[in-house]
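Chains A and S, in that order, are what the protein sequence lines are. Residue 265 in our numbering sits at position 179 of the first sequence, with consecutive numbering throughout. Residue 172 in our numbering sits at position 161 of the second sequence, with consecutive numbering throughout. Report on one structure; see the data block that follows.
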Amino acid sequence: MAMPGFLQQLRDVMYPPSRKQAILGLFQDAESAATAGDALKDAGVPDTDYDFLTDSPYPEGSLGEREEKHRLYLYPFIGALLGLSSGIMITAMTQVAYPLVTGGKPVLSLPPMAIVCYEGTMLGAILFTVIGIVFESRLPKFQLGLYDDRITQGFLGLRVNAEPEQRYEVIQIMNSAGAVEVKTDQ
Amino acid sequence: MQEGKVLPAAQINRDLLRSILETPRWFWPVVSLLGLIVLAASITVGIMINTGLGITGLNYKVVWGFFITNFVFWIGISHAGVMLSAILRLAKAEWRRPATRAAEVLTIFSLMTAMIMPIIHTGRPWRILYWAFPYDFARGIWPNIRTPLVWDPSAILTYLTSSTLFVIIALVPDFAVLRDRTTGWPKLVYTLLAMGWEGNPRQWKLQIIAGVLLSALILPVFVSVHSIVSWDFGMAVAIKSWHSTVFAPYFVVGAVHSGVSAVVFAMILLRWAYGWQDYIRHEHIDALGRLLIVVATGWFYFLVMEIIFGIYGLEGDELAVRALQFLPGDYGVAYNVWMIIFVGITYFLPVILWLPKAWRRNLWIMSAACISVNVGMWLERYLLFVPGQANKQFQTFTWNDYLPQWPEALIVGATFAFVSMLMLLFSRVFPLVPLYDIKEGDILRTEMQVGRRTLTATFRED
Numbered sequence: 087m088a089m090p091g092f093l094q095q096l097r098d099v100m101y102p103p104s105r106k107q108a109i110l111g112l113f114q115d116a117e118s119a120a121t122a123g124d125a126l127k128d129a130g131v132p133d134t135d136y137d138f139l140t141d142s143p144y145p146e147g148s149l150g151e152r153e154e155k156h157r158l159y160l161y162p163f164i165g166a167l168l169g170l171s172s173g174i175m176i177t178a179m180t181q182v183a184y185p186l187v188t189g190g191k192p193v194l195s196l197p198p199m200a201i202v203c204y205e206g207t208m209l210g211a212i213l214f215t216v217i218g219i220v221f222e223s224r225l226p227k228f229q230l231g232l233y234d235d236r237i238t239q240g241f242l243g244l245r246v247n248a249e250p251e252q253r254y255e256v257i258q259i260m261n262s263a264g265a266v267e268v269k270t271d272q
Numbered sequence: 012m013q014e015g016k017v018l019p020a021a022q023i024n025r026d027l028l029r030s031i032l033e034t035p036r037w038f039w040p041v042v043s044l045l046g047l048i049v050l051a052a053s054i055t056v057g058i059m060i061n062t063g064l065g066i067t068g069l070n071y072k073v074v075w076g077f078f079i080t081n082f083v084f085w086i087g088i089s090h091a092g093v094m095l096s097a098i099l100r101l102a103k104a105e106w107r108r109p110a111t112r113a114a115e116v117l118t119i120f121s122l123m124t125a126m127i128m129p130i131i132h133t134g135r136p137w138r139i140l141y142w143a144f145p146y147d148f149a150r151g152i153w154p155n156i157r158t159p160l161v162w163d164p165s166a167i168l169t170y171l172t173s174s175t176l177f178v179i180i181a182l183v184p185d186f187a188v189l190r191d192r193t194t195g196w197p198k199l200v201y202t203l204l205a206m207g208w209e210g211n212p213r214q215w216k217l218q219i220i221a222g223v224l225l226s227a228l229i230l231p232v233f234v235s236v237h238s239i240v241s242w243d244f245g246m247a248v249a250i251k252s253w254h255s256t257v258f259a260p261y262f263v264v265g266a267v268h269s270g271v272s273a274v275v276f277a278m279i280l281l282r283w284a285y286g287w288q289d290y291i292r293h294e295h296i297d298a299l300g301r302l303l304i305v306v307a308t309g310w311f312y313f314l315v316m317e318i319i320f321g322i323y324g325l326e327g328d329e330l331a332v333r334a335l336q337f338l339p340g341d342y343g344v345a346y347n348v349w350m351i352i353f354v355g356i357t358y359f360l361p362v363i364l365w366l367p368k369a370w371r372r373n374l375w376i377m378s379a380a381c382i383s384v385n386v387g388m389w390l391e392r393y394l395l396f397v398p399g400q401a402n403k404q405f406q407t408f409t410w411n412d413y414l415p416q417w418p419e420a421l422i423v424g425a426t427f428a429f430v431s432m433l434m435l436l437f438s439r440v441f442p443l444v445p446l447y448d449i450k451e452g453d454i455l456r457t458e459m460q461v462g463r464r465t466l467t468a469t470f471r472e473d
């Protein structure tokens with residue numbers, strides 16, 4: 087179904103259509119993929135314009151990829167604060183709502199409140215961590231970019247968003263580094 | 012260590028996805044049989060709800076019997092997941108890789124089973140809502156947060172939610188592998204579950220951090236859950252032998268003991284059922300065996316402390332319960348004989364079997380030892396809870412012993428079928444050994460040349 091015109095316009099304002107073309111090189115081993123990555127860097131392709139796609143994590147930096155910044159560590163703290171607040175509200179409000187004085191003790195009983203609040207804090211921290219992992223991983227992604235199923239069979243993909251004038255050079259770099267196949271989105 | 016060989020990614024996919032992409036001939040008959048047992052137990056639960064708890068052996072004196080014993084047992088089993096996955100992940104133990112997923116999934120299914128037990132036990136399951144959830148706006152009656160019976164659901168639900176999310180997050184890269192290997196509607200489902208995962212460095216970095224961060228967050232929850240379960244008993248002043256300060260660590264260590272043993276047995280079964288000899292290797296079972304010796308000895312220490320703490324106060328009622336537990340007498344049920352059997356099969360027999368390296372590498376012996384531990388740990392909970400209630404106390408005019416009846420035995424037995432069935436069904440749709448974790452292990456594995464010898468080694472980036 088075609089997108090309504092005003093939504094199309096809104097999308098174009100928020101995400102201006104790029105001139106860049108996607109090129110995916112498939113490599114059988116990490117060394118060839120890393121060589122291609124280094125050659126792209128030498129050819130002046132910014133490291134934000136290419137990504138390595140693999141079926142398992144490689145030690146950080148081993149493919150020459152850019153360093154990724156993230157804010158995941160903030161999420162558990164926010165979640166913990168919210169969870170703690172919910173815990174305090176549930177435990178305090180339920181006791182105040184039914185203020186049964188037992189043995190002359192205070193209505194708000196702190197030790198049991200601490201237990202439920204602790205669980206609330208941890209639950210909040212974990213829920214927000216998971217949300218953080220998903221968002222910081224840039225997921226969910228409703229449309230896969232240029233991709234190949236062989237990547238999950240052990241091949242390494244090197245996906246480049248290249249300017250049209252760089253297209254030929256990028257394909258050549260990949261082929262000379264030993265790509266078994268080079269695909270483009272054109 | 013390092014007995015395994017580096018395998019190509021395509022073979023790892025083929026081997027570990029075999030349980031999903033092919034159906035072994037035994038699969039549906041076994042699942043159907045387990046399903047029938049669960050069905051029989053469900054009908055029994057229906058009968059019990061209809062006729063009342065009178066058809067069980069529970070009575071005015073012994074109100075917590077088989078169901079609560081089984082509840083604590085399954086909570087204990089659930090502790091294996093975090094113990095193995097989180098601690099070993101934080102410690103960067105390489106041998107954790109094939110064990111983590113099965114352990115985490117066992118955690119989820121054990122917790123689900125455990126939560127069913129107190130619900131059944133109430134006899135009026137629908138009333139549990141009043142007890143656990145703050146929802147009764149109309150009458151202004153709220154859960155009493157001063158009781159451990161409210162702390163318990165809060166801790167267990169936190170643990171269940173956390174463990175489930177932990178498993179799902181770690182499954183995302185494997186969903187992508189399944190997305191690329193399937194067709195038709197399964198592909199559509201796995202595509203949705205994979206959420207567009209493509210395996211770029213950012214996603215992998217976050218995935219690795221997620222493993223460590225979630226492990227660190229779930230570990231304290233894991234400790235709190237069984238501590239709080241122990242307070243269901245420890246906070247009860249009226250029942251002697253329950254009101255003990257050592258219960259929390261005692262329960263936690265006991266849970267790890269039974270849980271890790273259950274995981275070892277499950278891994279041996281999976282290795283046999285799906286032919287995963289290259290992934291679940293003797294070195295892994297051996298390492299878990301060594302870990303179990305330490306855990307078992309820690310548990311034994313707390314067992315002895317629990318008994319000494321009970322006796323040391325020299326309170327008459329407490330001593331009477333201890334006499335019921337340990338001394339021969341005319342009590343109807345020979346708790347002392349069961350006590351000897353329990354200590355023997357939970358500590359001495361398995362530890363003797365785990366001591367020689369050759370026995371730790373023998374899968375039959377390891378299976379026997381792990382089953383022995385779990386039978387023993389079930390008995391432990393029974394012998395901890397029932398004698399205290401059965402003991403005749405001062406100014407108690409009605410007292411009874413407890414003899415479990417067939418509905419309880421059937422329901423408790425069926426919980427084992429239920430967990431096994433869920434594990435098998437899970438293995439039919441999701442990989443029980445994490446593919447990317449195994450592949451990462453192979454990437455980190457290298458060979459070193461020392462003189463004329465070639466050694467296998469593992470390197471890490473930090």
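All C-beta atoms, glycine included, are put in the ideal place defined by N, C-alpha and C. In this text, all values refer to a predicted model and were calculated from it rather than measured experimentally.
So, is residue i buried or exposed, given that buried needs 16 or more other C-beta atoms within 10 angstroms?
| i | result |
| --- | --- |
| residue 163 of chain A | exposed |
| residue 24 of chain S | buried |
| residue 153 of chain A | exposed |
| residue 22 of chain S | exposed |
| residue 122 of chain A | buried |
| residue 165 of chain S | buried |
| residue 83 of chain S | buried |
| residue 212 of chain S | buried |
| residue 230 of chain A | exposed |
| residue 112 of chain S | buried |
| residue 464 of chain S | exposed |
| residue 413 of chain S | buried |
| residue 125 of chain S | buried |
By Cβ distance below 7 Å, which residues in the same chain neighbour residue i in space, the five residues on each side in sequence not counted?
| i | result |
| --- | --- |
| residue 384 of chain S | 268, 269, 272, 357 and 361 |
| residue 337 of chain S | 347 and 350 |
| residue 190 of chain S | 198, 201, 202 and 205 |
| residue 109 of chain S | 290, 291, 295, 444 and 449 |
| residue 252 of chain A | 131 |
| residue 264 of chain S | 306, 309, 310 and 313 |
By Cβ distance, which residues of its chain are closer than 8 Å to residue i, with the 5 residues on each side in sequence left out?
| i | result |
| --- | --- |
| residue 302 of chain S | 271 |
| residue 237 of chain A | 112, 139, 140, 141 and 243 |
| residue 316 of chain S | 257 and 261 |
| residue 288 of chain S | 282 |
| residue 228 of chain S | 173 |
| residue 297 of chain S | 368, 371 and 372 |
| residue 198 of chain A | 177 |
| residue 105 of chain A | 249 and 250 |
Whose C-beta lies closer than 6 Å to the C-beta of residue i among residues of the same chain, with five residues either side of it excluded?
| i | result |
| --- | --- |
| residue 241 of chain S | 258, 259 and 262 |
| residue 151 of chain A | 138 |
| residue 170 of chain S | 232 and 236 |
Taking Cβ-Cβ distances shorter than 7 Å, what residues in chain A pair up with residue i?
| i | result |
| --- | --- |
| residue 289 of chain S | Chain A residues near residue 289 of chain S: none, gap ~16 Å exceeds 7 Å. |
| residue 232 of chain S | 208 |
By the criterion of Cβ-Cβ separation under 7 Å, what are the contact partners of residue i in chain S?
| i | result |
| --- | --- |
| residue 181 of chain A | 156 |
Since residue i meets chain A, which of its residues come closer than 9 Å, beta carbon to beta carbon?
| i | result |
| --- | --- |
| residue 24 of chain S | 141, 238, 239 and 240 |
Within 9 Å (strictly less), CB to CB, does residue i reach chain S?
| i | result |
| --- | --- |
| residue 227 of chain A | yes |
| residue 215 of chain A | yes |
| residue 152 of chain A | yes |
| residue 246 of chain A | no |
Run down chain S in chain order and give the residues with a C-beta less than 9 Å from the C-beta of residue i.
| i | result |
| --- | --- |
| residue 200 of chain A | The premise fails here: residue 200 of chain A is roughly 10 Å from chain S at the closest Cβ pair, so nothing lies under 9 Å. |
| residue 235 of chain A | 190, 191 and 192 |
Using a beta-carbon distance below 9 Å, is residue i in contact with chain A?
| i | result |
| --- | --- |
| residue 12 of chain S | Its pLDDT being 47, under 50, residue 12 of chain S is placed unreliably in this model, and the value from its coordinates should be taken loosely. Not one chain A Cβ lies under 9 Å of residue 12 of chain S. |
| residue 426 of chain S | no |
| residue 419 of chain S | no |
| residue 105 of chain S | no |
| residue 479 of chain S | With chain S represented from 12 up to 473, any question about residue 479 of chain S goes unanswered, as that position is not in the structure. |
| residue 467 of chain S | no |
Along chain A, which residues have their Cβ under 8 Å away from the Cβ of residue i?
| i | result |
| --- | --- |
| residue 198 of chain S | Within 8 Å Cβ-Cβ: nothing; residue 198 of chain S doesn't reach chain A, min ~11 Å. |
Mind pulling the chain S residues with CB within less than 8 Å of residue i?
| i | result |
| --- | --- |
| residue 231 of chain A | 209 |
With 7 Å as the limit, tell me which residues of the stretch 162 to 187 of chain A have their beta carbon closer than that to any beta carbon of chain S; keep them in chain order.
162, 176, 177, 180, 181, 183 and 184
Please identify, using Cβ separations under 8 Å, the residues of the stretch 124 to 139 of chain A that lie next to chain S, in order along the chain.
137, 138 and 139
Please identify, using Cβ separations under 7 Å, the residues of the stretch 440 to 452 of chain S that lie next to chain A, in order along the chain.
447, 450 and 451
Members of the stretch 84 to 98 of chain S that neighbour chain A once the beta carbon cut-off is set at 9 Å
none
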